[in-house]
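So in UniProt numbering, spot 116 of the sequence shown is number 116, and the numbers just go up one at a time. All C-beta atoms, glycine included, are put in the ideal place defined by N, C-alpha and C. The model shown is predicted, which means the values in this text are computed figures rather than measured ones.
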Amino acid sequence: MPSLFASYLRVYEPLTAFDRERQIFWREYAREGRDLGLVEGPARQRTAVLEALGAGWTRLPDLPDEAYVLEWDNAVLVCPWNLRLRVAEAALSARDGVPAVLADAFVPPVLAGQAKAVVEDWRSGARVLEEGVPRVHEQTSTWGVPLRWFAFVDLDERDISLSGRRRVLRYRTEISKARRRAHRAVSVLRKSLGDAPITEAVEEGTRWLEEFHPRSVVELDYGGLVNLLPEDSLAEDDSPGLVAAGLSALSRGDAESASEAYEKLVARWRAVQLLERCN
């Protein structure tokens with residue numbers, strides 16, 4: 001389930017990436033201004049998931065289609081929420097690592113069966129045979145930002161606002177740029193580190209980026225994490241720059257400089273992750 005202290009990696013696609021029915025729906029949705037902003041959206045998603053799971057625990061309800069909307073180069077792009085899938089995944093996650101008696105009390109087998117069917121249908125249902133694998137447009141990470149995400153953006157693409165009550169720190173870039181950076185990162189990591197976990201993680205992210213329309217936009221949003229960090233830390237944050245420096249050092253064979261950049265990055269975000277234990 002979405003957390004208020006989470007970061008997000010999103011892909012906004014142009015309307016032409018969707019079938020005709022969806023294009024009409026999302027065009028009207030954007031025209032009427034029905035979308036929520038990036039500040040209100042995560043809380044609304046969390047509320048929708050919790051309410052859906054608490055409504056009798058016997059069925060997965062039909063949920064409205066919602067999305068974030070972005071205007072980019074005079075075009076409308078959308079990042080669908082896929083709420084029904086999120087509810088299904090949350091129901092299954094609630095049973096993970098829990099004794100059967102407790103799992104059945106929280107998420108009865110009938111609800112778990114429905115949730116499993118929704119997830120399986122999402123990836124392998126009849127619609128997939130006709131239209132291809134559906135795309136999950138948003139990834140979420142609680143209490144931190146996965147280091148691999150920083151390989152997809154550049155420090156110059158930062159959008160930061162620390163004035164007022166709504167603080168924002170995010171990066172936006174064309175997906176073509178994100179893909180080039182991702183492939184370069186994989187090449188450097190594969191050559192320098194081989195089949196290391198970080199190599200596999202970046203490869204997975206690269207494959208995900210390849211699923212989307214070539215005129216899409218990628219967004220790395222610090223989300224609620226901006227409320228955990230002081231303004232000076234946010235203003236001075238150069239995490240994408242550290243990742244770029246580390247990859248550049250690896251490509252030159254400078255292991256010492258690469259390790260220095262990596263250790264600095266890990267230490268910075270470990271401090272944020274430790275706040276979860278204090279919570």
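Is the Cβ-Cβ distance between C79 and Y12 less than 8 Å? yes
Report the partner residues of P80 according to the DSSP bridge assignment. In the DSSP assignment, the residues bridged to P80 are A67.
Around the C-beta of N82, are 16 or more other C-beta atoms found within 10 angstroms, so that it is buried, or is it exposed? buried
Mapping the DSSP letters down to three states, classify R34 as helix, strand or coil. The three-state secondary structure of R34, taken from DSSP, is coil.
For residue 362 and D73, I'd like the C-alpha separation in whole angstroms. An answer regarding residue 362 cannot be provided, because it is not within the stretch 1 to 279 covered by the chain.
Are there 16 or more other CB atoms within 10 angstroms of the CB of L193, so buried, or fewer, so exposed? exposed
At what residues does the alpha helix (DSSP H) containing P197 begin and finish? Taken as a continuous stretch (DSSP letters only), the alpha helix (DSSP H) holding P197 covers 197-209.
Can you give me the C-alpha to C-alpha distance between W269 and F18, rounded to a whole angstrom? 36 Å
Have a look at the DSSP bridge pairing and note the partners of W72. A75
Distance check for V188 and R252, CA to CA, integer angstroms please. 10 Å
Let me confirm a value: D221 is counted as buried when at least 16 other C-beta atoms fall within 10 Å, else exposed. Which label applies? Counting other Cβ atoms within 10 Å of its Cβ, D221 reaches 16 or more and is therefore classed as buried.
Determine the burial state of G132: buried for a count of at least 16 other Cβ atoms within 10 Å of its Cβ, exposed for fewer. Per-residue confidence for G132 stands at a pLDDT of 48, beneath the threshold of 50, marking its modelled position as unreliable; no derived number is given.
Contained beta strand (DSSP E) runs [length at least 3] in the segment 154-189, N- to C-terminal order: 158-161, 168-174
Could you tell me the boundaries of the alpha helix (DSSP H) in which R252 lies? 239-252
Kindly indicate which residue of L63, V226, E204, L242 has the alpha-carbon position closest to the one of I160. Closest option to I160, judged by alpha-carbon separation, among L63, V226, E204, L242: V226.
Cα-Cα separation, S257 to V153: 21 Å
Under a Cβ-count criterion, where at least 16 other Cβ atoms within 10 Å of its own Cβ denotes burial, should E66 be classed as buried or exposed? buried
Using 10 angstroms around the beta-carbon of G144, count the other beta-carbons present and answer buried if the total reaches 16, otherwise exposed. buried
In whole angstroms, what separates the C-alpha of K191 from that of L229? 35 Å
Measuring straight from C-alpha to C-alpha, what distance separates R46 and E40? 10 Å
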